[in-house]
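One structure below.
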Amino acid sequence: MDQDSVEQAKKTAAILAVKETVKNNMVIGVGSGSTIIYAVRELASLVSKNGWQIVCIPTSYQAKGLIFDHKLPLGSLDQYPVLDVAIDGADEITSELSVIKGGGGCLVQEKIVGINAKNLIIIADWRKVSTHLGKNWTQGVPVEIIPEAQLPLILKFEKMGGKAALRQGISKIGPLVTDNGNFILDVDFGKINNPEKLSSQIKSLTGVIDSGLFINMVKKAYIGQKDGRVEIITKE
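Heads up, the final residue of the sequence shown is numbered 217 in the numbering used here, and it's a clean run with no missing numbers.
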């Protein structure tokens, strides 16, 4: 696969999403991941060019760093509990705007910011689009958990038909630790036919903080294509 075309698709989608979505005097949730870098660059450019007054709410340490690096105003949910818009990436998305997020490990903060935004906008490249969640994203549904609940939850997920694996750190020995000090289980349920039901079942388990299933949250998605176009998917 041509990585240059993938990056160009991310960039094109991000630029269009920011141009069409962001206005002066907005409170904006800034997501995490590689696609968001292009969105923050465009946001900083518009602020500089137009003299806009905006506030950015980060979803992770990475997002906070991006906001600082681009000299954008930083805020928090304590100051701004309701956001005008949040812009984030996705690991997998369907035409119904059901989404899996959390491959980068920031799913809980992303969900808190996204659910408190009047509009949650997703930007992604064509590889992330799927007919069913779990079809293209085969790593499993990310689930942030209290560390002590690890083994009981693995057993519970097995009874639900899921195969759970504790996510390991990349440059350290042992489990990945989230920004919140928790662990992540990646739970493979195969192709997910009813993501709303599965999301509720996962959330009901004691020891689960939340899952990377973002259901009935996204209002619009900007999908960068191989040929340079951007496909826009909206909620019916």
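Beta carbons are placed, not taken as given, at the ideal position from N, Cα and C, and that holds for glycine.
A distance below 7 Å between beta-carbons, with the five flanking residues on each side excluded, links Lys109 to the following residues of its chain, in chain order: Ala71, Asp72, Glu73 and Ile74.
Under the DSSP definition of a beta bridge, Ala145 partners with Val168. Under the three-state reduction of DSSP, Pro176 is assigned to helix. If you look at Ala202, you'll find it in the beta strand (DSSP E) that goes Lys201 to Gly205.
When the Cα atoms are used, Gln43 and Ala(-5) turn out to be separated by approximately 17 Å. Under the three-state reduction of DSSP output, Ala98 falls in the strand class. By the neighbour-count criterion, in which a residue is buried when 16 or more other Cβ atoms sit within 10 angstroms of its Cβ, Phe164 is buried. Look at Ile104 here: in three-state DSSP terms it is strand. Per DSSP, reduced to three states, the secondary structure at Val21 is helical.
Around the beta carbon of Glu23, 16 or more other beta carbons sit within 10 angstroms, so the residue counts as buried. Counting C-beta atoms within 10 angstroms of its own C-beta, Met198 has 16 or more neighbours from the protein chains shown and is therefore classed as buried. Classified as buried, Asp106 has 16 or more neighbouring CB atoms from the shown chains inside 10 Å of its CB.
Between the stretch 155 to 171 and the stretch 111 to 126, the count of C-beta pairs closer than 8 Å reaches three or more; the two stretches touch. Here Gly155 is actually not in contact with Gln120; their C-beta atoms are around 19 Å apart, not less than 8 Å. When C-beta atoms of the stretch 47 to 56 are compared with those of the stretch 184 to 199, fewer than three pairs fall below 8 Å, so the two segments do not count as touching.
Gly46: member of the alpha helix (DSSP H) spanning Tyr42 to Asp50, first to last residue.
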